[in-house]
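Residue numbers (the working numbering), protein chains in the order written: chain A, 857 to 1597; chain B, 25 to 349. Structure, as structure tokens:
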């Protein structure tokens, strides 16, 4: 391009070129990471960076029941028992409790029964639990007292609260020792007005808890209790819970329910200090979101330091945390994986956690690649945008891509104690057990078996789930007692055993079963009308799944018609029994087969009892087995009973097929001691961190590139110069072409 | 003008009542309080008793429009419609279904939304007008032609693409700014630079084309020819005459959105992790917290009406010929 003639033009261009050259020269120059989203002051701290993608609804341990709340709740509160971090199968161990509980049984007259007493004779089970002495609560203003021992923050109101909106805004804190009475207080809170506890369905077995709920409600109705304020639950005795001394907790439940032990490992039974409820019950606290639902108070390894909903949540190390050591035993392979390197060290191993709000998967993944998040768990986002970048599946085994290996990213996987499955509503007259005659019901069973063969889960997993998952062989997932591996664990109605692995039965067998069911080639043998089945789904996410399912059933001549609706209607259809086939899932509340098998017990039927038996499966034989199984001790030989229940379910096929999800974790090279464990929620205290390595690698991975800025500057200068040239030319013209008329 | 304003404000009342009724129908008739309770309580181990308790605690156990069990005025007032919907006219939005104070959330989250929306609006307006004037100035040259093509290309791309591509290139590949996040004070600039740039760029194509057309129309008018004939420079013509007269239609499209700036942007805030009202709304939709969604739609309606009134007022400021009666 010709430069305009004046010297000033040349100088301007020379300056622009010099600027551009300087900028270009700076490409690749090391500089502090410009894209670091965290303050520089945090660089030396052993903080683990994670994200959350929805606001935790409840941090109150009486109400919290979903996984992304458990991250926080189990870090702040400590249940009586928890699961060993490394051992598999999962094993329960004392946590705040000194030892496993002493369990005794009583008959209806209150007489003690022997340990092997028949279940029918047991009226009550008594759990006596010793609490470790010397455990102290996290520092919190609720415990702050003056020199005379009077609470410092007991008479607050709107005015005296002022601008305080975070717990850190209170100048003084205090602590006190945990007592057994704090557990009793929390158990009573399960029925406190204004609290809807999901645990109530289980804990209402505690003697007197339902009566207490009625008493409290009567007090509220009579205007003697303000449900919005502090209700001192100490004033309301609960028959089934006693604290004979400050470190002994005695719980009585109706009948025999060995699984109750697993429920003692949940946050429904954690210590909640009455001082915290009194503190948060003061006027003005709720309006400022200073509540137990936002600011938990516990004895756990971490404490809530900052809670900015939809922005940031910070957990800091609890300076009062008890003596708690990193385990020295694990399962085979743990030592080689470096998971025992911190054996015997005091927990927690990091200073805290910073959770940033990250709604979308793409920015999260990019920040993980930059090193600004320390871990990625496949359960975080509905879809994993970086799968092809990060992982490869070869021969059914998941491994890291070369790019990830170069970064030093670690991959750990787990087949989760969870199932996702296609199911039949057994009340349906065509597909379920709703036929008028035994012959009709048998035909429907064969129809279900035919469909179970035709739904090719292996193909489904390969296409929809990136191959991540284990085709389900029965209702009990791997890793739990009662699960059988190999040929013994195969569903023989759907698979045959060949060459050392389960092989899906052929479509010819499915067609034969279909014909026996009265639908040869997918048409009613009597009327010739095509068999049309309906699949109820709830959102657009299922469309791709459904298309595949429709295609698979079409292979045996069955027409599947998807009926998609929104979530509320989908749920309603199941409550009313209007669904025919649908998709469902279940994550273990605790790692025991009972938590899966109870879903087929008729008295948990969705339609009749609003329970969790969504298939509405109703078989007296299964019910009898389940009732026997439910009363069996956890260490008893339960396998034969489980086998018989599993066989019944395979034979009757209320489940048409499904899979056990394979979850994976990707962690940065500086984050140690990560091990997936679906039912372990207290894992954060085990993490270790190499802060120096993180700082070095982050700086290396995030060098700013300045050439785009230089290019942008050049582009602006060039456009400006061109415009200027055009302006000067126009101004210098004696006549404007086309302007004269 | 006062009479005109009063009339507009009075007309806003039935409009808002209509919006309110529509909202109420959508949220309470199509989606029942039972659905809301289930959405809040979760899918696992929810008993019918828990649902009844949840509804009673939040006043969702009342009849929708008419309480036959009550007496006198309470037949009307002791209903979900009055308790949950009508009081929005007093800007009392009550508590969210999760039990949180909506007014407090609004007053807190408004500022991050404004911190993003205001720069996007102002910078976007400035850049679009500047470029449009430049193209008008360069009219009928290859630069003008190229500019128009670029504008059409920019218009044709989804705003989501700008966000994802912006995050990938600027923050991930070039490492110039954080991909997402938020801070207060001066540090906010680091987090807002990219979303503001993306917001400006996403709106640039259509705005520049539109403003260019406006300016070109003005340039062809007699008073511009007269100005040139007087010997004014092209810059003086553009800035003193064309820009001023071109502002009337520009104001139509810009002033109306000013009140809505408070509401934030659903997608941009969500992708950039900005804790504003857009994020707040999208989270409420996903969590099925209808109390929040209802409040946000109502506020949106109020602000839209306010925007229209402001637009009318702005005409009188920029064009003395306009008189509001």
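Glycine is no exception: its CB is placed at the ideal position from the N, C-alpha and C atoms.
Does any residue of chain A have a CB that is nearer than 7 Å to the CB of residue i?
i, result
"residue 103 (chain B)", "no"
"residue 295 (chain B)", "yes"
"residue 72 (chain B)", "yes"
"residue 201 (chain B)", "yes"
"residue 308 (chain B)", "no"
"residue 299 (chain B)", "yes"
"residue 208 (chain B)", "no"
"residue 191 (chain B)", "yes"
"residue 343 (chain B)", "no"
"residue 59 (chain B)", "yes"
"residue 135 (chain B)", "no"
"residue 126 (chain B)", "no"
"residue 78 (chain B)", "yes"
"residue 139 (chain B)", "no"
"residue 65 (chain B)", "yes"
"residue 205 (chain B)", "yes"
Taking residue i and residue j to be in contact with their CB atoms under 8 Å, please state how far apart those CB atoms are, rounded to whole angstroms.
i, j, result
"residue 924 (chain A)", "residue 910 (chain A)", "6 Å"
"residue 1173 (chain A)", "residue 1157 (chain A)", "7 Å"
"residue 1148 (chain A)", "residue 1133 (chain A)", "7 Å"
"residue 302 (chain B)", "residue 289 (chain B)", "5 Å"
"residue 1085 (chain A)", "residue 1350 (chain A)", "Not confirmed; about 58 Å, so no contact."
"residue 985 (chain A)", "residue 953 (chain A)", "5 Å"
"residue 1001 (chain A)", "residue 1527 (chain A)", "Between residue 1527 (chain A) and residue 1001 (chain A) the Cβ distance is about 40 Å, and since that is not below 8 Å, they are no contact."
"residue 1423 (chain A)", "residue 200 (chain B)", "About 41 Å; that fails the 8 Å criterion."
"residue 1324 (chain A)", "residue 1254 (chain A)", "7 Å"
Can you tell which of the options has its C-alpha closest to the C-alpha of residue i?
i, options, result
"residue 354 (chain B)", "B:38, B:224, B:280", "Absent from the model: residue 354 (chain B). The displayed extent of chain B is 25 to 349, so no value can be given."
"residue 232 (chain B)", "B:147, B:345, B:197, B:30", "B:147"
"residue 1404 (chain A)", "A:1364, A:1136, A:1313, A:1388", "A:1313"
"residue 296 (chain B)", "B:187, B:228, B:237", "B:187"
"residue 1223 (chain A)", "A:1578, A:1299, A:1392, A:1523", "A:1523"
"residue 995 (chain A)", "A:1176, A:1279, A:1553", "A:1176"
"residue 927 (chain A)", "A:1554, A:1276, A:1123, A:1297", "A:1123"
"residue 204 (chain B)", "B:211, B:210, B:195", "B:195"
"residue 1058 (chain A)", "B:66, B:70, B:98", "B:70"
"residue 224 (chain B)", "B:144, B:140, B:176", "B:144"
"residue 1250 (chain A)", "A:931, A:1318, A:1061", "A:1318"
"residue 243 (chain B)", "B:156, B:200, B:339, B:129", "B:156"
"residue 317 (chain B)", "B:87, B:89, B:94, B:120", "B:120"
"residue 1391 (chain A)", "A:1482, A:1280, A:1308", "A:1280"
Determine the burial state of residue i: buried for a count of at least 16 other Cβ atoms within 10 Å of its Cβ, exposed for fewer.
i, result
"residue 798 (chain A)", "In this structure chain A extends from 857 to 1597, so residue 798 (chain A) is not present and cannot be described."
"residue 1159 (chain A)", "buried"
"residue 883 (chain A)", "At residue 883 (chain A), the pLDDT of 42 sits below 50, so the modelled position is not reliable and the matter cannot be decided from this model."
"residue 1028 (chain A)", "exposed"
"residue 1150 (chain A)", "buried"
"residue 1211 (chain A)", "buried"
"residue 1206 (chain A)", "buried"
"residue 105 (chain B)", "buried"
Flag residue i as yes if its beta-carbon sits less than 7 Å from any beta-carbon of chain B, otherwise no.
i, result
"residue 1054 (chain A)", "yes"
"residue 1367 (chain A)", "no"
"residue 1213 (chain A)", "yes"
"residue 1050 (chain A)", "yes"
"residue 1273 (chain A)", "no"
"residue 913 (chain A)", "yes"
"residue 1166 (chain A)", "yes"
What residues from chain E crowd round residue i, counting only those whose CB sits closer than 8 Å?
i, result
"residue 892 (chain A)", "Chain labels in this structure do not include chain E; the protein chains are A and B."
Is the closest heavy atom of the ligand NAD to the C-beta of residue i under 6 Å?
i, result
"residue 1529 (chain A)", "Absent from the structure shown: the ligand NAD. Ligands present: none."
(request) Mind the definition here: the region 1531-1543 of chain A touches the region 154-172 of chain B only if three or more C-beta pairs lie below 8 Å; say whether that holds. (result) No contact exists between the region 1531-1543 of chain A and the region 154-172 of chain B.
(message) If contact is defined by three or more beta carbon pairs under 8 Å, each pair taking one atom from either stretch, is the region 904-923 of chain A in contact with the region 1034-1054 of chain A?
(response) yes
(request) Examine the Cβ distances between the region 1225-1234 of chain A and the region 1543-1557 of chain A and report whether three or more of them are shorter than 8 Å. (result) yes
(request) Taking 8 Å as the threshold, find out whether the region 259-279 of chain B comes into contact with the region 1180-1187 of chain A through three or more Cβ pairs. (result) Short answer: they don't touch.
(message) Counting beta carbon pairs with one atom in the region 298-312 of chain B and one in the region 27-39 of chain B, are three or more of them shorter than 8 Å?
(response) The region 27-39 of chain B vs the region 298-312 of chain B: no contact.
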